[in-house]
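Residue numbers are given in the working numbering: position 193 of the sequence shown equals residue 1567, and the series is strictly consecutive.
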Amino acid sequence: MPATSPHSKLKIGVIGAGAFGGWTALELARRGARVTLFDAWGPGNSRASSGGETRIIRATYGPDRIYTRMAARALKLWRKNQARWRLELVHPTGVLWMASDHDAYEKAAMPTLHDEGVRYEILQVKALDKRFPQVNFEGVRWAIFEPEGGYLLARQASEAVRRAFVREGGEYRELPVAPGPIRRGALSRVRAAGAGEYRADRWLFACGPTLQEVFFFGAPSGERRFDEGRLPVWIDYGERKFYGIPGNQGRGLKVASDVRGSPFDPTSGERTHTEEGLQAARGYLEFRFPSMRGAPLLESRVCQYEQTRDGHFILDRHPEARNVWIAGGGSGHGFKHGPALGEMAARMLLEVLPPCAEFALSRFTRTAS
């Protein structure tokens, strides 16, 4: 906490220690506020949207300039903080975004990548075949390659943010809390199970989550072409909508479908994959990576998506409580943006700024009317 800060007397409670809540709490503490961070099960736990081992970091977002800008800023902050903490949380394998005949999204991304200073290459099929011979590029017409993209160690990063928050003056409480009554348009306290009440001047609720299945397959003995350094993170949003991460610290080649699952209870739901999901992943794997045919399944996980109707985040004031803000709706692409969104949210809470239009709750009212 800075020695002298205009926010030193301001008490802020942050509920949820995931990517949005954890980074916001850290940024608030760095700006001098007195911050208490709450989480029922701990940062990066298996019930959280920020749980799991890895997340992709990339800046290709079609025409959605705000996310390209945020991803570029977030990558700088990830690098800065991992150096500060002496950790390796960013694995810059590169990100290969495959484009099919329906490539309007990828074409729309290029001007934005250029404007935001993101390094990228355009690779045609001949160059792709030469560079990545282990991949079958059938149906792919060209690709965007981001050499500085890659993947993040999600669970480790979530815990690293919490540790940094405590080192820099924040208070962390691992217990479930429930909001007290809203009176005169404000929330003054939350109730903690078996631990009384906590009071604050301002609050951020970032409590994440639909379900997605993730599978890790083992390469054949002696096959090194699917290791980190030889294969980038890849995204294939053509006909089948799959993506994957190489290496994964020895866990195998990660393959996941980006098709949204059914509604899911993050507290009591069973986190087991379906046979249908496994066969779909295996079918895609054998099509796109022929030498992985018959590869053994090493691990399987489920990921939870905290999905909004339009896929955009939520970062706005509570409509009935002027001192409460809500951050959420990561929609399967929020983790990478944590540091940048934390900066944005901290400014909103400290300076009482209005939300940006893309993240405002009012957009749902406009859509419905």
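Ideal Cβ placement from N, Cα and C applies to all residues, glycine included. Computed from a predicted structure; not experimentally measured.
In the displayed model, Val1509 falls within coil according to three-state DSSP, outside both helix and strand. Per DSSP, Leu1411 is one residue of the beta strand (DSSP E) stretching across Arg1408 to Phe1412.
Within the segment 1393 to 1478, the beta strand (DSSP E) runs of at least 3 residues that lie entirely inside it are, in chain order, 1408 to 1412, 1428 to 1431 and 1469 to 1473. Contact check between the segment 1431 to 1443 and the segment 1562 to 1580: fewer than three CB pairs, one atom from each, fall below 8 Å, which does not count as touching.
By the Cβ-count criterion, Lys1710 is buried, with 16 or more other Cβ atoms from all chains shown falling within 10 Å of its own Cβ. The beta carbon of Leu1672 sits closer than 7 Å to the beta carbons of Phe1590, Phe1591, Gly1592, Arg1625 and Gly1626 from its chain, once the five residues preceding and following it are set aside; these are given in chain order. Within the same chain, and ignoring the five residues on either side of Val1726 in sequence, no residue has its Cβ closer than 6 Å to its Cβ. For Gly1524, the enclosing beta strand (DSSP E) has its first and last residue at Gly1524 to Leu1527. In the three-state scheme derived from DSSP, where H, G and I count as helix and E and B as strand, Arg1662 is classed as helix. Contact check for Pro1664 against Asp1690 fails: the beta carbons are separated by 8 Å or more. Straight-line measurement puts the Cα of Leu1735 at about 8 Å from the Cα of Pro1693.
Judged by DSSP in its simplified three-state form, Gly1651 adopts helix. In the DSSP annotation of this structure, the continuous segment of the alpha helix (DSSP H) that includes Ala1720 starts and ends at Gly1712 to Glu1725. Boundaries for Leu1605: no beta strand (DSSP E) harbours it, and the DSSP string shows neither H nor E there.
Taking a C-beta distance under 8 Å as the contact criterion, Gly1468 and Pro1606 qualify as a contact pair.
Per DSSP, the continuous beta strand (DSSP E) segment holding Arg1691 begins and ends at Ile1688 to His1692.
Per DSSP, Gly1596 lies in no beta strand (DSSP E) and is assigned neither H nor E. Burial state of Ile1518 is buried, judged by a 10 Å Cβ sphere holding 16 or more other Cβ atoms. Judged by pairs of C-beta atoms under 8 Å, the segment 1402 to 1419 does not touch the segment 1439 to 1450, as fewer than three such pairs exist. Contact between Ala1483 and Tyr1435 is confirmed by a C-beta separation of about 6 Å, below the 8 Å threshold. DSSP places Ser1631 in the uninterrupted beta strand (DSSP E) bounded by Leu1627 to Ser1631.
Boundaries of the beta strand (DSSP E) around Leu1578: Arg1576 to Phe1579. By the Cβ rule, the segment 1378 to 1390 does not count as touching the segment 1489 to 1502, because fewer than three pairs are nearer than 8 Å.
Thr1410 and Arg1576 have their C-alpha atoms roughly 11 Å apart. Looking only at Arg1405, Asp1684 and Ala1719, the smallest Cα-Cα distance to Val1698 is reached by Ala1719.
If you look at Val1388, you'll find it in the beta strand (DSSP E) that goes Lys1385 to Ile1389. In terms of Cα proximity to Pro1553, the closest of Phe1412, Gly1426 and Gly1702 is Phe1412.
Note on Asp1489: under 16 other CB atoms within 10 angstroms of its CB, so exposed under the neighbour-count rule. In this structure Leu1402 does not touch Val1535 by the C-beta definition: roughly 12 Å separates them, more than the 8 Å allowed. Between Pro1437 and Lys1481, the alpha-carbon positions lie close to 9 Å from each other. With a 10 Å radius around the Cβ and a threshold of 16 neighbouring Cβ atoms, Asp1610 comes out buried. Val1499 counts as exposed, since fewer than 16 other beta carbons sit within 10 angstroms of its beta carbon.
The beta carbon of Phe1733 sits closer than 7 Å to the beta carbons of His1686, Phe1687, Ile1688, Leu1689 and Asp1690 from its chain, once the five residues preceding and following it are set aside; these are given in chain order. When DSSP reads this structure, Pro1553 sits in a beta bridge with Val1564.
Around the CB of His1465, 16 or more other CB atoms lie within 10 Å, so the residue is classed as buried.
Counted as a single uninterrupted DSSP element, the beta strand (DSSP E) harbouring Glu1545 occupies residues Glu1545 to Arg1547.
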